[in-house]
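Trainee:
There are 2 protein chains.
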Amino acid sequence: MVSMPPSREIHLAARPQGAPQPTDFALVETEVPEPAEGQVLIRNAFVSVDPYMRGRMNDTKSAAWSRASYVPPFELGEVMTGAAVGQIVTSRNDGFEEGAWVVHHLGWRELALSNGKGLVLFDAASGSVSTSLGVLGMPGLTAYVGLLDVGRVEAGETVFVSGAAGAVGSAVGQIAKLKGCRVIGSAGSAAKVAWLREIGFDEAFDYHDVVAGEALSDGIDVYFDNVGGPMLEAALAALRVRGRVVACGAISQYNATEWPAGPGNLFLVVTKRLRMEGFIVSDHGGRLPAFLAEVGPWVRDGAVRYRETVVEGIEHAPAALIGLLAGENIGKMLVRVGPGNT
Amino acid sequence: MVSMPPSREIHLAARPQGAPQPTDFALVETEVPEPAEGQVLIRNAFVSVDPYMRGRMNDTKSAAWSRASYVPPFELGEVMTGAAVGQIVTSRNDGFEEGAWVVHHLGWRELALSNGKGLVLFDAASGSVSTSLGVLGMPGLTAYVGLLDVGRVEAGETVFVSGAAGAVGSAVGQIAKLKGCRVIGSAGSAAKVAWLREIGFDEAFDYHDVVAGEALSDGIDVYFDNVGGPMLEAALAALRVRGRVVACGAISQYNATEWPAGPGNLFLVVTKRLRMEGFIVSDHGGRLPAFLAEVGPWVRDGAVRYRETVVEGIEHAPAALIGLLAGENIGKMLVRVGPGNT
Chain A
8 MVSMPPSREI
18 HLAARPQGAP
28 QPTDFALVET
38 EVPEPAEGQV
48 LIRNAFVSVD
58 PYMRGRMNDT
68 KSAAWSRASY
78 VPPFELGEVM
88 TGAAVGQIVT
98 SRNDGFEEGA
108 WVVHHLGWRE
118 LALSNGKGLV
128 LFDAASGSVS
138 TSLGVLGMPG
148 LTAYVGLLDV
158 GRVEAGETVF
168 VSGAAGAVGS
178 AVGQIAKLKG
188 CRVIGSAGSA
198 AKVAWLREIG
208 FDEAFDYHDV
218 VAGEALSDGI
228 DVYFDNVGGP
238 MLEAALAALR
248 VRGRVVACGA
258 ISQYNATEWP
268 AGPGNLFLVV
278 TKRLRMEGFI
288 VSDHGGRLPA
298 FLAEVGPWVR
308 DGAVRYRETV
318 VEGIEHAPAA
328 LIGLLAGENI
338 GKMLVRVGPG
348 NT
Chain B
8 MVSMPPSREI
18 HLAARPQGAP
28 QPTDFALVET
38 EVPEPAEGQV
48 LIRNAFVSVD
58 PYMRGRMNDT
68 KSAAWSRASY
78 VPPFELGEVM
88 TGAAVGQIVT
98 SRNDGFEEGA
108 WVVHHLGWRE
118 LALSNGKGLV
128 LFDAASGSVS
138 TSLGVLGMPG
148 LTAYVGLLDV
158 GRVEAGETVF
168 VSGAAGAVGS
178 AVGQIAKLKG
188 CRVIGSAGSA
198 AKVAWLREIG
208 FDEAFDYHDV
218 VAGEALSDGI
228 DVYFDNVGGP
238 MLEAALAALR
248 VRGRVVACGA
258 ISQYNATEWP
268 AGPGNLFLVV
278 TKRLRMEGFI
288 VSDHGGRLPA
298 FLAEVGPWVR
308 DGAVRYRETV
318 VEGIEHAPAA
328 LIGLLAGENI
338 GKMLVRVGPG
348 NT
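So the protein sequences, as listed, match chains A and B.
Reminder that position 59 of the first sequence reads as 66 in the numbering used here, one-by-one numbering, no gaps.
Reminder that position 78 of the second sequence reads as 85 in the numbering used here, one-by-one numbering, no gaps.
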C-alpha cells in the first residue's frame with residue numbers, strides 16, 4: 008500500500024452568471040481514507056476540461072436552454088465531476104490490479120476512491136494515457152458517432168465543422184477526410200487555422216477575419232456544429248438540399264445569461280429538406296469498440312493527429328475551463344495532476 | 008367540341024412587400040385556342056389556394072428565407088400556377104377521354120390547355136373532385152408522409168400539430184389518432200378549436216388565448232410544424248427526449264419582410280437528442296398510391312373528416328390567398344371556378 012498525501016480537489020463554490028469567474032470554484036484539501044474492501048484508490052494523471060461542463064455549472068431550473076435530460080447539474084460545494092484518467096495505486100477490488108490505468112468520471116481531484124463502478128481500463132501501450140480523455144476518448148467517440156451515425160457522411164461530400172481546432176472538431180475533420188470527404192473547418196485564431204491546414208483540412212478559416220458565408224459559398228453537405236449562434240445560421244444558408252446538421256454543441260452560447268435568438272433562416276430546413284439532429288455521446292457507448300478498432304490504428308500510425316493544451320496542477324483547472332470557453336486551447340484541454348505513463 | 012367563352016385567369020402583377028395586396032394580382036381575360044393534336048382542353052372546377060404559394064410570389068433572390076430549392080418563383084405577368092382540378096371538355100390526346108376529371112398544376116384560370124404532361128386522373132366516384140386538392144390530394148399526402156415517413160410516429164406517442172384546422176393539420180391529427188396517438192392541435196379561433204374537438208383531437212387550443220407552453224406541459228413526442236415562430240419554440244420546450252419536429256411550413260412567417268429570429272432554445276435539439284427534419288411533398292409522389300389506399304377508405308367511411316372553405320369565382324382567388332394567410336379558412340381553401348361533380 009502506498010502512503011498518500013492529502014488530495015486536492017476543485018469544488019463548485021457558486022453558480023456563474025455569464026462567464027465563470029475564479030471565485031465560482033474552491034480548491035479544497037481532503038484526506039482520502041484507505042480503500043475499504045471492494046474499493047480502489049486512483050491517483051489521477053489528467054483531469055478533463057470539456058465544454059459541456061459549463062452547462063452543468065448552471066442551476067438547470069434557471070438555465071432554460073440547458074433544461075431537460077442532458078447531464079444533471081453539479082452540486083454546490085461538491086467536486087466538479089467529469090472524465091479523468093489515473094493509475095490504481097491501491098486495489099481491494101479483484102477486478103482491478105494495482106498499476107492499471109483507468110478512465111473514470113470522478114472529476115477534478117488528485118486522488119479518487121472508487122468501488123469499481125464505471126471504471127474503464129485504458130491500455131497504456133496504446134499511447135499516452137492523456138489520449139483516453141481526448142482523441143481516443145469521449146471527444147474522439149463524439150466525432151465518430153456524430154459524423155457516421157448522426158450525419159451519415161458519404162465519400163465525396165463536403166463537411167464543415169466549427170470549433171475545428173478543438174478535441175472534437177479536429178477529430179471530425181480528420182475522420183471525414185479518411186472517409187473520402189472534402190473538409191472545411193472554422194476556428195478562432197491564426198495558429199489554429201494553420202494547424203488545421205497542417206493536419207489535412209482542405210480549407211480552414213478564422214471566423215474573426217472571414218465571413219463564414221463567403222468561406223462556405225461553394226456549399227456543404229454536412230455541418231458538424233460545435234458552436235451554434237451565427238455560424239449555424241451561415242451553415243444553414245450554405246447547406247445543399249438534403250444536407251444534415253449534426254447538433255453537437257453550442258459553445259458560443261454556453262456563457263449566455265439569456266436565451267440567444269436562434270437562426271433567422273431556420274425555414275431553410277423545410278425548403279432544402281434538411282435534417283438537424285442532436286446527440287449526446289453517452290447514449291452511444293456501445294460504439295466504443297468499433298470506434299477504437301477503426302480510429303485507434305489511425306492515431307497510432309499518425310493518420311489522425313491530435314494536440315493537447317495541458318495546464319499543470321489541479322489548482323489551475325478552473326482557469327483551464329475559463330480558458331476553454333474563451334477558446335484558448337488548441338486540441339484537447341487537460342489538467343495534469345499527477346504522473347502519466349509517458 | 009364544346010364552344011368555350013374566354014378564360015379568366017389571375018396573373019402576378021407585383022411582388023408583395025409583406026402581406027399581399029389586391030393590387031399585386033391582375034385579372035386577365037384570354038381567348039383559349041382550340042386544342043391542337045395531342046392537347047386537351049380542361050374546364051376547371053376548383054383551383055387550389057395553398058400557403059406555399061406566398062413564397063412563390065417573392066423574388067427568390069431578395070427573400071433569403073425562401074431561397075434554395077423549393078419551387079421556383081412565379082413570374083411577373085404570368086399566371087399564378089398551382090394545383091387545380093377540372094374536367095376535360097375537348098381531347099385530342101388519346102390518353103385522356105372527354106369527361107374525365109384531372110388534377111393539374113396549371114393554376115388560377117378557368118380554362119387550361121394541356122399536352123397531357125403532369126395530368127393525374129381523379130376518380131370522380133371517390134367523392135367531390137374538390138377533395139383531389141385537399142384531403143385526398145397534396146395536403147393529405149403531406150400529412151401522411153410527414154407523420155409517417157418523416158416523423159415516424161408510433162402508437163402511444165403524443166403528437167402536436169399547429170395550424171391544426173387547415174387542410175394539412177386536420178389530416179395530420181386524424182391520421183395520428185387512427186395510428187394510436189394522442190393528438191393536440193392549435194388553431195386561431197374558437198370555431199376552429201370546436202371543429203378540432205368534433206373530429207377527435209384529444210386537446211385543442213386557440214393560441215390567442217392559451218399559452219402554448221401550458222397547453223403542452225405534459226410533453227409531446229412529435230411536433231408537426233405548420234407555423235414556425237413562437238409555436239416552434241414552445242414545442243421545442245415541450246418535446247420529450249428523442250422527439251421529432253416535422254418541419255412542414257411556417258405560415259406565421261410567410262409575410263415577413265425580414266428574417267425573423269429563430270427559436271432561442273434551439274440548443275434543446277442537443278440536450279434532448281431531437282431530430283428536426285424538413286420535407287416537401289413533391290419529393291414523395293411515390294407514396295401517393297399507399298396514401299390513397301390507406302386514407303381513401305377512411306375519408307369515404309368518415310373516419311377522416313374534412314372541411315372546405317370555398318370562395319366563388321376566379322376573380323376572388325387573390326382574396327382567398329390573402330385570407331388564407333390571415334387564417335380565415337377552416338380546412339382546405341378553394342376557389343370554385345366552374346361546375347364540379349357533386
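Backbone N, C-alpha and C define an ideal beta-carbon position, used for all residues, glycine too.
Given the structure is predicted, the values throughout are model-derived calculations rather than measurements.
Do we get a CB-CB distance below 9 Å when we pair Ala254 of chain B with the residues of chain A?
Mentor: Taking Cβ atoms only, chain A reaches closer than 9 Å to Ala254 of chain B, which makes this a yes.
Trainee: Within a Cβ cutoff of 8 Å, which residues of the same chain sit near Gly236 of chain A, ignoring the five residues on either side of it in sequence?
Mentor: If we look at Gly236 of chain A and ignore the five residues flanking it on each side, its Cβ neighbours are Ala257, Ser259, Gln260, Pro267.
Trainee: For Pro12 of chain B, which three-state DSSP category applies?
Mentor: Coil at Pro12 of chain B, not helix or strand.
Trainee: What three-state label does DSSP hand Glu322 of chain A in the structure shown?
Mentor: Of the three classes helix, strand and coil, the one that applies to Glu322 of chain A here is helix, per DSSP.
Trainee: Assuming Gly176 of chain A and Asn233 of chain A make a contact with CB atoms under 8 Å, what is their CB distance in whole Å?
Mentor: Going by Cβ atoms, the distance from Gly176 of chain A to Asn233 of chain A rounds to 6 Å, so yes, they are a contact pair.
Trainee: Taking any Cβ of chain B, which residues in the stretch 205 to 233 of chain A have a Cβ under 8 Å from it, in chain order?
Mentor: Per Cβ criterion, the list is empty.
Trainee: So Ala131 of chain B and Trp108 of chain B are in contact, right, with Cβ under 8 Å, and what is the actual spacing, rounded?
Mentor: Indeed they touch by this definition, with Cβ atoms about 5 Å apart.
Trainee: Contact criterion: CB-CB distance below 9 Å. Does Gly285 of chain B meet it with respect to chain A?
Mentor: It does; some Cβ of chain A falls within 9 Å.
Trainee: Note down the Cα distance separating Met60 of chain B from Val78 of chain A, rounded to an integer number of angstroms.
Mentor: Approximately 44 Å between the Cα atoms of the pair.
Trainee: Between which two residues does the beta strand (DSSP E) harbouring Gln181 of chain B extend?
Mentor: From DSSP, Gln181 of chain B is part of no beta strand (DSSP E) but of the alpha helix (DSSP H) over 174 to 185.
Trainee: Taking Arg280 of chain B as the query, report the chain A residues whose CB atoms sit under 8 Å from its CB, ordered along the chain.
Mentor: Per Cβ cutoff of 8 Å: Glu284, Gly285, Phe286, Ile287, Asp290.
Trainee: When the cut-off is 9 Å and only beta carbons count, does Val54 of chain A lie next to chain B?
Mentor: Not closer than 9 Å to any Cβ of chain B, the Cβ of Val54 of chain A fails to qualify, so no.
Trainee: So Gly235 of chain A contacts chain B; which residues on that side make the cut at Cβ distance below 8 Å?
Mentor: Neighbours of Gly235 of chain A on chain B, chain order: Leu273, Phe274.
Trainee: Is Leu148 of chain A near the ligand ADP, with its Cβ less than 8 Å from a heavy atom?
Mentor: Only the bare structure without any ligand can be found here, which leaves the ligand ADP out of the picture.
Trainee: Which word fits Ser14 of chain A, buried or exposed, when buried means at least 16 other C-beta atoms lie within 10 angstroms of its C-beta?
Mentor: Per the 10 Å Cβ criterion, buried.
Trainee: Measure the CB-CB distance between Ala219 of chain B and Ala245 of chain B and report whether it falls below 9 Å.
Mentor: Result yes, Cβ atoms of Ala219 of chain B and Ala245 of chain B sit closer than 9 Å.
Trainee: Checking 9 Å against the spacing of the C-beta atoms, do Val229 of chain B and Val166 of chain B come in under that value?
Mentor: Yes.
Trainee: Please give the ranges of any alpha helix (DSSP H) in the stretch 251 to 308 of chain A, keeping only runs that are unbroken, at least 4 residues long and fully inside the region.
Mentor: Fully enclosed alpha helix (DSSP H) runs of 4 or longer: 275 to 278, 295 to 307.
Trainee: Beta-carbon within less than 8 Å of Arg325 of chain A's beta-carbon, same chain only, minus the 5 sequence neighbours each way: which residues are those?
Mentor: The residue you asked about is not Arg; residue 325 of chain A is Pro in the sequence shown. Ile17, Pro27, Pro29, Asp31, Phe32, listed in sequence order.
Trainee: Asn122 of chain A and Val92 of chain A look like a contact to me (Cβ under 8 Å); what is the Cβ gap, rounded to whole Å?
Mentor: At roughly 18 Å, the Cβ-Cβ gap does not stay under 8 Å, so Asn122 of chain A and Val92 of chain A are not in contact.
Trainee: Measure from the C-beta of Gly25 of chain A to each C-beta in chain B and report whether the shortest distance is under 9 Å.
Mentor: It does not; no Cβ of chain B falls within 9 Å.
Trainee: Using 10 angstroms around the beta-carbon of Glu38 of chain A, count the other beta-carbons present and answer buried if the total reaches 16, otherwise exposed.
Mentor: Exposed, since its Cβ has fewer than 16 Cβ neighbours within 10 Å.
Trainee: Taking one C-beta from the stretch 331 to 346 of chain A and one from the stretch 171 to 191 of chain A each time, how about it: are there three or more such pairs within less than 8 Å?
Mentor: Enough Cβ pairs lie closer than 8 Å, so yes.
Trainee: Kindly indicate if chain A contains any beta-carbon less than 9 Å away from that of Ala300 of chain B.
Mentor: With 9 Å as the cut-off, Ala300 of chain B does not count as an interface residue toward chain A.
Trainee: From which residue to which residue does the alpha helix (DSSP H) around Thr149 of chain A run?
Mentor: 145 to 151 is the span of the alpha helix (DSSP H), which, as asked, contains Thr149 of chain A.
Trainee: Can you tell me whether Lys124 of chain B is buried or exposed, with buried defined as 16 or more other CB within 10 angstroms of its CB?
Mentor: By the 10 Å Cβ count, Lys124 of chain B comes out exposed.
Trainee: Assess, as a yes-or-no matter, whether the stretch 203 to 216 of chain B is touched by the stretch 290 to 306 of chain B under the definition of 3 or more beta carbon pairs within less than 8 Å.
Mentor: Because the criterion of three Cβ pairs below 8 Å is not met, the stretch 290 to 306 of chain B and the stretch 203 to 216 of chain B do not touch.
Trainee: Return yes when the Cβ of Val248 of chain B is within less than 9 Å of the Cβ of Arg204 of chain B, no when it is not.
Mentor: Their beta carbons are not under 9 Å apart, which means Arg204 of chain B does not touch Val248 of chain B by this criterion.
Trainee: Under DSSP, the beta strand (DSSP E) around Met340 of chain A begins and ends at which residues?
Mentor: 339 to 343 is the extent of the beta strand (DSSP E) around Met340 of chain A.
Trainee: So Val342 of chain B packs on Val56 of chain B, CB below 8 Å; how close in whole Å?
Mentor: 6 Å between Cβ atoms; contact.
Trainee: Alpha carbons only, please: which of A:Arg307, A:Val168, A:Thr149 is nearest the one belonging to Phe286 of chain A?
Mentor: The shortest Cα separation from Phe286 of chain A among A:Arg307, A:Val168, A:Thr149 belongs to A:Thr149.
Trainee: Can the beta-carbon of Cys255 of chain A be found closer than 9 Å to that of Gly153 of chain A?
Mentor: It is a contact, given that the beta carbons lie within the stated cut-off.
Trainee: Would you report the Cα separation of Glu117 of chain A and Pro304 of chain A, rounded to the nearest angstrom?
Mentor: Computed Cα separation, rounded: 31 Å.
Trainee: Glu240 of chain A CB to nearest chain B CB: under 9 Å?
Mentor: By this cut-off, Glu240 of chain A is an interface position.
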